[in-house]
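Counting in my numbering, the sequence shown runs from 18 upward without gaps.
Cβ coordinates follow ideal geometry from the N, Cα and C atoms, glycine included.
Quick caveat: nothing in here was measured; it's all calculated off a predicted structure.
Read the structure below first, then the notes.
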Amino acid sequence: MSKVGRNDLCPCGSGNKYKKCCLGKESSAMESILRLVTTEEAAAHESLTAEPAMTQAAPVPASRPEGKLTLAKVRKMVTRDLKWEHPAHEQLGLELIESMRYDYDKELIVEGLVLWNGYSRQMKPAVKKTGSFCAAIEYLLSEQYGFLITQVDLSKKYDVTTATISRKVKEIFNYVEEYGLGGDDMEMDDLGNSGSPKEKEQLLLYKAMEATSSKRRVQLAQAALEIYPNSPDAYLILAEESENEQDARELLKAGMAAGERELGELFFVQNKGYFWGLHESRPYIRVCKSYAESCWFGGNAEEAAQTLEYILELNPDDNTGARYLLAASYLYSNKLAEAQKLMGNKDDMAAAYAYDRMVLEYKKNGITSQLKMLYRVARNVNKHVPDYLLGLKRLPHNLPDYVGMGDANEAIEYVIIHSRLWASVPDLLKWMLKQ
């Protein structure tokens, strides 16, 4: 699933732009469950078909396809297809069917059953009052689909207190955040015996990219490596979730080695210069780029530059923007001739080059009329950079997901990545402050 841009249509179907609709609401239980409770999970169970969920009040199509999902099939799924840790958990699944059968579409009931099955197998809860768990599952699913059922409504339906429902909702929600819909055991069961190790690795990596929990992403990446050790993207995920920069760098180096093993020496000889154009070599480019960034932020500009140069040899078209960090590395190390040659393309009007040309001029000649002209040009390219560079606007903690030419996100990305370079020229910053 690709991320939604601020100016894209909102995926909720409102017709409004994402920034005017659901942006900023991702912390709700609805959004997290929406990511994890999918028809793909339900489809993993034999003979179940995915259809949009609906309440009984919603219009029902006049004709239904043969082999439609029936209550008998849903009950059969509970008693035969799903594995249970305790008979009480299975019995609660049957009760969940009965409690939801009149108000919800059967496909939605299946999602509730899959959620309960995964939660009960992983957490092994003691079931003292079935209504509390049924109410919590119904509340989470109704939140997902926007049925606006309150915990007060459910407390009357199931004869439990709202405090109990709230507590169970939190427990199940925390489980989904940490383990995903079905838990680790079900995750591996879903992989089955079909498909190659590479295909299984890709499925696990896809789930890892969709996971909202750091622990869950790590679990899935580690599982992918167990199945397919030569996975650069799995190492990349582990590095992203590492709390120690040195550990992250070692993981990225391991990811580069994994990519080299996966592709083989002959691949590098035959496809040098076209790496980004080939799907199978993109993970290797990604992990190399991340390693270079880690070296740069860790204070090793020389190692960063060597890795970035290598990336440009493999992919001269530079779809990943390696040249911009390479220019900063050259300037930081006072390799001015190399920086000037790299930034020779005057048609490249990215903010990175525009402001780095100022650093190049300053390091070569000091404060000059040419520097003033370059500053005017840079401000025309992106007027937001000076505000962030000089501390007039506060930088966010993370890089933006989307960057547009000349916008504030481009400025944020530039300042965060090039801050080490500008910290090395404090007098130039003082000069900019006076302009």
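The alpha-carbon separation between ALA368 and GLU319 amounts to approximately 23 Å. The beta carbon of TYR308 is closer than 8 Å to those of ARG266, LEU269, LYS270, GLY272, MET273, THR324 in its chain, skipping five residues each way along the sequence.
By the neighbour-count criterion, in which 16 or more other beta carbons inside 10 Å mark a residue as buried, ALA354 falls on the exposed side. The three-state secondary structure of TYR121, taken from DSSP, is strand. Comparing alpha carbon positions, the residue from VAL95, GLN357, ASN336, PRO333 closest to ALA344 is GLN357. Fewer than three beta-carbon pairs drawn from the stretch 309-318 and the stretch 276-293 are found closer than 8 Å, and the two stretches are therefore not classed as touching. Contact annotation, VAL144 with ALA105: C-beta distance approximately 5 Å; criterion of less than 8 Å satisfied.
The residue among ILE384, GLU427, ILE429 with its C-alpha nearest the C-alpha of LYS451 is ILE384. A Cβ-Cβ contact shorter than 8 Å links LEU412 with TYR405.
The Cβ neighbour count for ASN351, taken over all protein chains shown within 10 Å, is under 16; the residue is labelled exposed. Restricting attention to MET94, ALA395, ARG184, THR87, the CA atom closest to the CA of ASP122 is found in THR87.
Contact annotation, VAL420 with ASN426: C-beta distance approximately 5 Å; criterion of less than 8 Å satisfied.
In this structure, the CA atom of TYR347 is about 39 Å from the CA atom of LEU220. Between LEU237 and ARG303 a beta carbon distance of about 17 Å is seen, past the 8 Å cut, so the two are scored as non-contacting. Counting only residues of its own chain and dropping the five nearest sequence neighbours on each side, TYR245 has a CB closer than 8 Å to the CB of PRO214, LYS215, LYS217, GLU218, ALA251.
One Cα belongs to PRO403, the other to SER149, and the distance between them is close to 56 Å. When only Cα atoms are considered, ARG92 and ILE114 end up about 8 Å apart.
Linking LYS380 to ASN332 through their CA atoms gives a straight-line distance of about 29 Å. Here ALA322 is buried, its C-beta having at least 16 other C-beta atoms within 10 Å.
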